[in-house]
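Numbering (numbering that gives the first Met the number 0), first residue to last: 0 to 267. Here a beta-carbon is modelled for each residue, glycine too, at the ideal position from N, C-alpha and C.
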Amino acid sequence: MTLKIATWNINSVRLRIDLVCRLLRDWQPDVLCLQETKCPQGQFPSAPLKDLGYHHIAESGQKGYHGVAIVSRIPFIGQDLKSFCSKVDCRHIAATIDGAKPLVIHNLYVPSGGDEPDPAINEKFAHKLQFLDELESWFAAGSVPKGHDGIVVGDLNVAPLEHDVWSHKALLKVVSHTPVETDGLLRVQRAGAWVDLMRQHVPPDQKLYTWWSYRAHDWALSNRGRRLDHVWSTPDLAPSCIQIDVVREARGWPQPSDHVPVIASFAL
Numbered sequence: 000m001t002l003k004i005a006t007w008n009i010n011s012v013r014l015r016i017d018l019v020c021r022l023l024r025d026w027q028p029d030v031l032c033l034q035e036t037k038c039p040q041g042q043f044p045s046a047p048l049k050d051l052g053y054h055h056i057a058e059s060g061q062k063g064y065h066g067v068a069i070v071s072r073i074p075f076i077g078q079d080l081k082s083f084c085s086k087v088d089c090r091h092i093a094a095t096i097d098g099a100k101p102l103v104i105h106n107l108y109v110p111s112g113g114d115e116p117d118p119a120i121n122e123k124f125a126h127k128l129q130f131l132d133e134l135e136s137w138f139a140a141g142s143v144p145k146g147h148d149g150i151v152v153g154d155l156n157v158a159p160l161e162h163d164v165w166s167h168k169a170l171l172k173v174v175s176h177t178p179v180e181t182d183g184l185l186r187v188q189r190a191g192a193w194v195d196l197m198r199q200h201v202p203p204d205q206k207l208y209t210w211w212s213y214r215a216h217d218w219a220l221s222n223r224g225r226r227l228d229h230v231w232s233t234p235d236l237a238p239s240c241i242q243i244d245v246v247r248e249a250r251g252w253p254q255p256s257d258h259v260p261v262i263a264s265f266a267l
């Protein structure tokens, strides 16, 4: 069987529910992980998704900020939430689906970090670095039960590699690509022995973006993107990933998110 798992920072699920439905109709993922839903718990717009066959929804939301959700055609056999930095701010949700081996899907929304890359003067940046440190410790301790496969998806708000940004030199002092962030995310990845599935299919020397700023007059022409959205897996699962699709066209849809969906396909 083929399993398709998508991730998308939707930047308000209620505002962009029509775009979510468009993605589900056009690409038919089995599971869709959403970040920045900005939707209070219990107000998630589930009806149109259930009409499309996505009857299984796990959500963690609050008014106005953050929020994550997992929408699935496949039943969940388990769900979980984790908080970081002593904050209950809806940045993680996990769901487990059954298969030859149970599969744990971790959906994450890492703090963006504000504008100034100095934790001494910017509390948001300090929070981001602490979040990455706690994520590293959690993955090192084991976030995937024995006998399970695991996937991490989401807006990790770091573009770790040189060609994950339009200009490595220009962005070295810009939040999302500073050395302290890129080193931090790579430590997080190593702590869980996670495989970067996007770079498994697109070589590291090729440009790869999932986000383009709203500030760009013509985002496609200037193409000043960053790869802030990621798909990782446990090593045993990585060879089963047969395709990665970055749905760049979604950045040009009406009232788009500034992020685009990423879809990983697995032959299981």
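Three-way DSSP call (helix, strand, coil) for residue i in this model
i	result
I16	helix
W21	The sequence as given places Arg at residue 21; Trp does not occur at that position. R21 falls in the helix class under three-state DSSP.
K86	strand
L31	strand
D228	strand
E161	helix
H167	helix
S239	helix
W193	coil
A46	helix
Start-to-end residues for the beta strand (DSSP E) that takes in residue i
i	result
D182	Careful: D182 lies outside any beta strand (DSSP E), inside the alpha helix (DSSP H) at 178–190.
W7	1–8
D154	148–154
L102	102–108
D79	75–79
A99	No beta strand (DSSP E) contains A99, which DSSP labels as neither H nor E.
A119	Element bounds for A119: n/a, residue is neither H nor E.
V261	261–266
H55	55–59
Residue i - containing alpha helix (DSSP H), residue span
i	result
E248	Taken as a continuous stretch (DSSP letters only), E248 belongs to no alpha helix (DSSP H), as it is neither H nor E.
D132	122–140
H200	196–200
A219	218–221
Assumed close pair residue i, residue j - CB separation to whole angstroms, cut-off 8 Å
i	j	result
P47	I73	Not quite, the Cβ-Cβ distance comes to about 19 Å (not below 8 Å), so this is no contact.
G77	A94	7 Å
T177	P116	5 Å
I104	I4	7 Å
Within the chosen definition, does the stretch 195–203 reach the stretch 127–137 through at least 3 CB pairs nearer than 8 Å? no
Spell out a yes or no on whether the stretch 155–168 and the stretch 234–253 are touching, meaning 3 or more CB-CB pairs, one atom from each, closer than 8 Å. no
Hey, is the stretch 19–28 in contact with the stretch 224–238, meaning 3+ C-beta pairs nearer than 8 Å? no
Any chance the stretch 133–144 sits against the stretch 62–71, with 3 or more Cβ pairs inside 8 Å? Touching, no, given that fewer than three Cβ pairs across the two stretches are closer than 8 Å.
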